[in-house]
Amino acid sequence: MKEICLLGATGSIGTQVLNVIRNQKEYRLRSIAFGSNIKRGREIIREFQPDFVSVNSEKTMLSLNKEFPDIAFAFGETGLIEAATYSTAGGYLVNAVVGVVGLRPTVAAIKKGLNILLANKEILVAAGKIINRLLEEYKVQMIPIDSEHSALHQCLKSGPKEDVNRLIITASGGSFRDRSRLELTDVSVEEALKHPNWNMGAKITIDSATMVNKGLEVIEAHHLFGIDYDRIDTVIHPESIIHGIVEYNDRSMIAQMSLPDMHLPIQYALTYPNKIQNLGFQPLKLWEIGSLTFRKMDFDRFPALELAYQAGKSGGLMPAIYNSSNEAAVSLFLKGKIKFLDIENIIRDSISNFRNIQNPSLDEIIAVDHKVKNSILEKYEVK
Ligand code: NDP
Ligand code: MG
């Protein structure tokens with residue numbers, strides 16, 4: 025029996041995790057956490073009957089608790105930590121919340137000895153070094169759910185790590201891949217939310233359009249696989265069929281291909297090291313796809329990606345500052361308070377204005393996250 029704690033149960037990844045474990049006797053959903061989507065939360069509780077549920081506010085908690093008196097409830101950050109650690113040691117935490125809010129719960133789950141299945145890339149960006157140290161100390165394995173990293177995880181089985189020359193992460197290019205920068209000046213939130221290949225949560229869809237998502241993924245890959253930034257490349261691949269490529273020293277490239285469907289990397293993480301049959305997955309018919317195309321990544325067109333390399337190489341607090349400024353900027357853009365191109369300007373300003381320190385503690389990372397977000401939100405919301 026695999027016991028599962030699922031953070032972000034009502035979201036895009038959370039929903040697909042539930043699809044993968046539905047009707048599978050070997051999984052038991054022990055706990056879930058979500059924010060404010062009570063309607064979806066209620067359906068999940070009815071169907072999966074978890075023992076513990078955490079939500080974002082006391083009000084939501086009280087109203088659900090009346091309906092489900094036999095289930096234990098909590099709310100806020102302490103609730104999220106409890107939900108993340110509800111399984112017994114050896115169980116699984118699937119972290120599918122958005123943003124740095126998932127950091128302390130993950131640290132607590134590592135300390136409890138749970139296997140970590142990670143969709144929440146922001147926490148590795150902000151605190152990759154600390155997380156890696158804890159994984160080693162507590163002998164815990166972390167398997168990526170992000171499709172590119174799931175692909176690299178699979179491709180890296182082809183040869184010894186010392187023979188790896190480069191990791192290559194593919195990028196669909198997002199909603200605006202065929203527009204020039206000039207054409208981005210007045211794009212709307214609705215246009216930015218229309219991703220050509222993937223159906224995902226709002227924040228990551230905007231991150232794909234700005235190419236910040238690829239920036240976060242480069243930093244994520246650096247921490248997951250221990251490869252220098254100079255040996256992690258990105259390439260635009262509009263069809264999203266190849267998700268990641270490992271180039272070995274002999275110049276042989278091993279690529280992973282599949283339809284753009286997050287159910288596959290989710291199942292891979294849940295069943296690793298096995299690769300089981302899932303009757304729901306459609307086979308990839310290469311003759312129907314016909315051709316796969318690639319374009320060189322253009323840093324002038326996507327400056328937010330170059331800023332990610334810069335932040336990653338600076339290390340210390342810089343990747344956290346990059347991420348937090350983006351989280352704040354995206355929330356402002358989604359509320360219609362700033363323009364699309366302001367997102368990258370806000371990130372650039374934050375990287376140059378906030379002071380870096382090397383080897384920050386967890387508390388220092390969380391403090392800078394609050395400081396960066398507050399300073400940006402105050403500037404644009406409270407005039
Ligand atoms: P969604 O926005 O669809 O879902 C986010 C989930 O987190 C929801 O369940 C939401 O609850 C919950 N949540 C948000 N804030 C809080 C909080 N403070 N406390 C408790 N729960 C909270 O996001 P996605 O599923 O798209 O993405 C999740 C993560 O996975 C992100 O880090 C993303 O970058 C990563 N990822 C996503 C992919 C995808 O295909 N979607 C692909 C690869 C990575 P509610 O809605 O109820 O408020
Ligand atoms: Mg990805």
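Be aware that the sequence shown starts at 25, since it is given in the numbering used here, and climbs by one per residue. Cβ atoms here follow ideal geometry from the backbone N, Cα and C, with glycine treated the same way.
In this structure, the C-beta of residue 170 approaches the ligand MG to less than 8 Å from one of its heavy atoms. The nearest non-hydrogen atom of the ligand NDP is less than 8 Å from the C-beta of residue 79. Pairing residue 373 with residue 349 gives a Cβ-Cβ distance under 9 Å. Less than 9 Å separates the beta-carbon of residue 271 from that of residue 191. Under DSSP, residue 55 forms a beta bridge with 29 and 76. Of the heavy atoms belonging to the ligand MG, at least one sits nearer than 8 Å to the Cβ of residue 173. Of the other Cβ atoms in all chains shown, fewer than 16 fall within 10 Å of the Cβ of residue 314; this residue is therefore exposed.
Contact annotation: the segment 115 to 122 does not touch the segment 209 to 221, with fewer than three C-beta pairs closer than 8 Å.
Comparing alpha carbon positions, the residue from 265, 166, 346 and 54 closest to residue 312 is 265. Around the beta carbon of residue 402, fewer than 16 other beta carbons lie within 10 angstroms, which makes this residue exposed.
Taking a contact as a CB-CB distance under 8 Å, the pair residue 193 and residue 268 counts as one, their CB atoms being some 6 Å apart. Excluding its 5 nearest sequence neighbours in each direction, residue 199 has C-beta neighbours in its own chain below 6 Å: 216, 218, 219 and 233, listed in chain order. At the C-beta level, residue 148 and residue 131 stay beyond 9 Å of one another.
In the DSSP assignment, residue 330 falls within the alpha helix (DSSP H) that extends over 327 to 338. Across the set 360, 371 and 344, the C-alpha of 344 shows the shortest separation from the C-alpha of residue 151.
Under the 10 Å beta carbon count, residue 71 is surrounded by fewer than 16 other beta carbons and is classified as exposed.
For the pair residue 106 and residue 55, the CB atoms are nearer than the 9 Å cut-off. Secondary structure of residue 258 (DSSP, three-state): strand. Separation of the CB atoms of residue 260 and residue 321 is rounded to 6 Å, and the pair is thereby assigned contact status at 8 Å.
Three or more beta-carbon pairs separated by less than 8 Å link the segment 163 to 179 to the segment 128 to 146, which places the two stretches in contact. Excluding sequence positions up to five before and after residue 227, its CB lies within less than 7 Å of the CB of 122 and 354, all in the same chain and listed in chain order.
Between the segment 233 to 252 and the segment 291 to 306, the count of Cβ pairs shorter than 8 Å is below three; the stretches do not touch. If you check the CB distance, residue 176 and residue 288 do not come in under 9 Å. In terms of Cβ geometry, residue 238 and residue 133 do not form a close pair [threshold 9 Å].
Around the beta-carbon of residue 86, fewer than 16 other beta-carbon atoms lie within 10 Å, marking it exposed.
If you look at residue 280, you'll find it in the beta strand (DSSP E) that goes 277 to 281. Relative to the Cα of residue 93, the nearest Cα in the group 102, 252 and 73 belongs to 73. The secondary-structure analysis by DSSP pairs residue 166 across a beta bridge with 140. Listed in chain order, the non-local C-beta contacts of residue 146 below 6 Å within the same chain comprise 123, 124 and 347, local neighbours out to five positions each way being set aside. Rounded to whole angstroms, the gap between the alpha carbons of residue 75 and residue 57 is 11 Å.
The segment 167 to 206 contains, as complete alpha helix (DSSP H) runs of 4+ residues, the segments 171 to 179 (chain order). Close CB contacts of residue 222 within its chain, under the 6 Å cut and outside five residues either way in sequence, are with 284 (chain order).
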